[in-house]
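The opening residue of the sequence shown carries number 4 in the numbering used here; numbering runs sequentially from there. The structure under discussion appears below in the form of structure tokens.
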Amino acid sequence: MIEQKNISGFDFSPEINLARYLRSIQKFPILSHEQEFSLAQEYVKTKDPKISYKLVTSHLRLVVKIVSQFKGYGLPTADLIAEGNMGLLTAVEKFNPYKGFRFSTYAMWWIKASVQKYILNSWSLVKIGTTAAQKKLFFNLRRIKDKMNLMSDAQMSNQIIDDIAKRLDVSFKDVVSMNDRLKAHDGSLNAIIQRDGDKNQEWLDFVADSKPNQEEFLSQVEKNFYRRKLLSASLKCLNEREKDILFKRRLEEKAVTLDELSRIYHISKERVRQIELNSIRKLQQFMNIQ
Numbered sequence: 004m005i006e007q008k009n010i011s012g013f014d015f016s017p018e019i020n021l022a023r024y025l026r027s028i029q030k031f032p033i034l035s036h037e038q039e040f041s042l043a044q045e046y047v048k049t050k051d052p053k054i055s056y057k058l059v060t061s062h063l064r065l066v067v068k069i070v071s072q073f074k075g076y077g078l079p080t081a082d083l084i085a086e087g088n089m090g091l092l093t094a095v096e097k098f099n100p101y102k103g104f105r106f107s108t109y110a111m112w113w114i115k116a117s118v119q120k121y122i123l124n125s126w127s128l129v130k131i132g133t134t135a136a137q138k139k140l141f142f143n144l145r146r147i148k149d150k151m152n153l154m155s156d157a158q159m160s161n162q163i164i165d166d167i168a169k170r171l172d173v174s175f176k177d178v179v180s181m182n183d184r185l186k187a188h189d190g191s192l193n194a195i196i197q198r199d200g201d202k203n204q205e206w207l208d209f210v211a212d213s214k215p216n217q218e219e220f221l222s223q224v225e226k227n228f229y230r231r232k233l234l235s236a237s238l239k240c241l242n243e244r245e246k247d248i249l250f251k252r253r254l255e256e257k258a259v260t261l262d263e264l265s266r267i268y269h270i271s272k273e274r275v276r277q278i279e280l281n282s283i284r285k286l287q288q289f290m291n292i293q
């Protein structure tokens with residue numbers, strides 16, 4: 004796989020200085036169809052990095068053009084371009100020039116796929132698009148709303164929602180759900196909500212801790228210790244057969260059946276059940292006395 008950075012001295016990641024990056028990619032020539040085909044043929048045979056460099060650099064402006072379609076998602080343009088460049092690099096590796104398509108046409112698909120995947124993964128901590136239909140809805144709902152001049156959700160009547168659902172081949176409910184999710188981004192617990200003097204208060208400061216405090220924890224430990232001690236002492240009121248039946252019926256991970264115990268002790272199943280219940284009563288009586 005080709006590395007993203009520093010192929011023949013050029014850095015393909017624009018996060019350092021976006022404006023400088025956009026200027027620098029203008030110097031690379033755009034290849035003709037014949038040049039693309041010739042270079043792609045040669046790269047398939049040789050896997051020469053110098054050839055891949057020519058194919059990649061000549062299409063960096065294509066990445067920027069495609070990324071410009073995805074600026075409305077609140078993500079840094081530099082990050083989107085970097086992801087698009089990764090898609091371009093993948094396209095170089097997978098392109099088959101003998102199928103009759105231009106490299107730019109083939110690369111466009113990989114660039115879009117890479118950018119869309121990044122947006123879906125970055126938009127929300129909750130997975131927002133799990134099916135092809137949901138991904139299609141995510142990337143087309145806003146565009147359709149803009150075309151219809153829908154400036155607010157108050158204009159989204161049931162008829163319009165139904166119209167959008169039919170156009171994108173999804174359900175009415177899916178359109179409503181996706182529209183709600185696109186309106187609200189994930190919030191950070193470290194977001195500042197008010198200032199108290201010199202101290203900034205975050206959402207996290209107002210979230211109640213459900214864990215027990217130190218006193219409650221120690222109290223619970225003492226209760227558990229007392230219960231175990233009481234249970235251990237109460238078992239002394241049972242004979243060996245009663246303890247064995249009680250353990251096998253109530254305290255083992257997989258309870259032994261009445262039928263199995265009746266064969267072990269050569270008594271009826273009803274008698275085993277009576278011994279089990281009597282053992283429980285004895286324990287309860289002993290604990291109540293204590």
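The beta carbon of each residue, even a glycine, is placed where N, CA and C say it ideally should be.
Quiz item: Which stretch, first to last residue, makes up the alpha helix (DSSP H) that contains Q1?
Solution: Because the chain in this structure spans residues 4 to 293, residue 1 falls outside the shown range and cannot be described.
Practice problem: Could you have a look at D51 and say whether DSSP puts it in helix, strand or coil? | Solution: As a position in the sequence shown, residue 51 is number 48, starting the count at 1. Reduced to three states, the DSSP call for D51 is coil.
Exercise. Could you name the residues of the same chain whose beta carbon sits closer than 7 angstroms to that of R252, not counting the 5 residues immediately before and after it, in chain order?
Key: The residue labelled residue 252 in the question sits at position 249 within the sequence shown. Excluding positions up to five away in sequence, the list reads A258, V259, E279.
Practice problem: Please classify T80: does DSSP put it in a helix, a strand, or coil? | Solution: As a working mapping, residue 80 is identified with position 77 in the sequence shown. In this structure, DSSP gives T80 a helical state, which the three-state scheme calls helix.
Quiz item: L261 and R276: beta carbons closer than 8 angstroms?
Solution: For the purposes of this step, residue 261 is taken as the residue at position 258 of the sequence shown. For the purposes of this step, residue 276 is taken as the residue at position 273 of the sequence shown. Yes.
Quiz item: Since K246 is in the alpha helix (DSSP H), which residue starts that stretch and which ends it?
Solution: Your numbering for residue 246 matches position 243 in the sequence shown. Here the alpha helix (DSSP H) through K246 covers 243–249.
Quiz item: What residues in its chain sit with their C-beta under 6 angstroms from that of F31, if we drop five residues either side in the sequence?
Solution: Position 28 of the sequence shown, counted from the first residue, corresponds to residue 31. The beta carbon of F31 lies closer than 6 angstroms to those of T60, S61 in the same chain, with the five residues before and after it left out.
Self-check item: Rounded straight-line distance, which links the Cα of R274 to that of S265
Solution: Reading the sequence shown from its first residue, position 262 is the one you call residue 265. Reading the sequence shown from its first residue, position 271 is the one you call residue 274. For S265 and R274, the distance between alpha carbons rounds to 8 angstroms.
Quiz item: So, is I95 buried or exposed, given that buried needs 16 or more other C-beta atoms within 10 angstroms?
Solution: On the sequence shown, position 92 is the one that residue 95 refers to. Reading off the sequence, residue 95 comes out as Val, not Ile. Buried, since its Cβ has 16 or more Cβ neighbours within 10 Å.
Practice problem: Please name the residue in P52, N182, K102, K139 whose C-alpha comes closest to that of K115. | Solution: By 1-based counting over the sequence shown, the position of residue 115 is 112. Answer by Cα proximity: K139.
Practice problem: Using only alpha-carbon positions, find the residue among V47, Y268, L78 that is nearest to N124. | Solution: The residue given as residue 124 occupies position 121 in the sequence shown. Closest option to N124, Cα to Cα, is L78.
Quiz item: Apart from the five residues on each side of it in sequence, which residues of its chain come closer than 6 angstroms, Cβ to Cβ, to F40?
Solution: Here residue 40 refers to the residue found at position 37 of the sequence shown. So the qualifying residues of the chain are P100.
Exercise. Consider the C-beta atom of A43 and the heavy atoms of the ligand NAD; say whether any pair is separated by less than 7 angstroms.
Key: You won't find the ligand NAD in this model; it holds no ligand whatsoever.
Practice problem: Within its chain, find whatever has a CB closer than 8 angstroms to the CB of V118; leave out the 5 residues flanking it on each side and keep chain order. | Solution: In the sequence shown, counting from the first residue as 1, residue 118 sits at position 115. Once the five neighbours on either side are set aside, the close Cβ partners of V118 are I69, V70, F73, L83, E86, G87, G90.
Quiz item: Among R244, K53, Y76, V224, which has the Cα closest to the Cα of K120?
Solution: Here residue 120 refers to the residue found at position 117 of the sequence shown. Cα-wise, what sits closest to K120 is Y76.
Self-check item: Within 8 angstroms, strictly: CB atoms of L249 and L241
Solution: By 1-based counting over the sequence shown, the position of residue 249 is 246. By 1-based counting over the sequence shown, the position of residue 241 is 238. Yes, Cβ-Cβ distance for L249 and L241 is below 8 angstroms.
Quiz item: In its own chain, which residues sit with a C-beta less than 6 angstroms from the C-beta of L286, not counting the 5 before and 5 after it?
Solution: Start at 1 with the first residue of the sequence shown, and residue 286 comes out as number 283. Taken in chain order, the residues that qualify are S237.
Self-check item: Three-state secondary structure (DSSP) of P100
Solution: The sequence position of residue 100 within the sequence shown is 97, counting from 1. In the structure shown, P100 sits in a helix (DSSP, three-state: H, G or I).
Exercise. My understanding is that N182 touches M159, with C-beta atoms under 8 angstroms, so please give their C-beta distance in whole angstroms.
Key: Here the question's residue 182 lines up with position 179 in the sequence shown. Here the question's residue 159 lines up with position 156 in the sequence shown. So it is a contact: roughly 7 angstroms between Cβ atoms.
Quiz item: What is the residue span of the alpha helix (DSSP H) that E263 lies within?
Solution: For the purposes of this step, residue 263 is taken as residue 260 along the sequence shown, with counting starting at 1. Its alpha helix (DSSP H) spans residues 261–268.
Practice problem: Could you say which of I167, K97, K214 lies nearest to Q44 if we only look at CA atoms? | Solution: Mapped onto the sequence shown, residue 44 falls at position 41. Selected option, being the one with the closest Cα: K97.
Quiz item: Residues in its own chain within less than 7 angstroms of Y109 by CB, not counting five upstream and five downstream?
Solution: Along the sequence shown, one-based indexing puts residue 109 at 106. Result list for Y109: A94, F98, in chain order.
Quiz item: Whose CA, out of L63, N281, R146, lies closest to the CA of Q29?
Solution: Here residue 29 is taken as the residue at index 26 of the sequence shown, counted from 1. It is L63.
Exercise. Kindly give me the distance between the Cβ atoms of V295 and I164, rounded to whole angstroms, as I take these residues to be in contact under 8 angstroms.
Key: Since the first and last residues shown for the chain are 4 and 293, residue 295 lies out of range.
Quiz item: Taking the runs of the alpha helix (DSSP H) that are 4 residues or longer, which of them lie wholly in the segment 140–182?
Solution: Every unbroken stretch of the alpha helix (DSSP H) spanning 4 or more residues and falling wholly within the segment 140–182 is given here in chain order: 161–171.
Quiz item: Which value, in whole angstroms, describes the spacing of the CA atoms of M151 and D177?
Solution: Here residue 151 is taken as the residue at index 148 of the sequence shown, counted from 1. Here residue 177 is taken as the residue at index 174 of the sequence shown, counted from 1. Distance between the alpha carbons of M151 and D177: 19 angstroms.
Self-check item: Pairwise C-alpha distance: V47 and V66
Solution: Within the sequence shown, numbered from 1, the residue matching residue 66 stands at position 63. Within the sequence shown, numbered from 1, the residue matching residue 47 stands at position 44. The straight-line gap from Cα to Cα measures roughly 22 angstroms.
Quiz item: Is it true that the CB of R244 sits closer than 8 angstroms to the CB of Y268?
Solution: Taking the sequence shown and counting its residues from 1, the one referred to as residue 268 is at position 265. Taking the sequence shown and counting its residues from 1, the one referred to as residue 244 is at position 241. Going by C-beta atoms, Y268 is nearer than 8 angstroms to R244.
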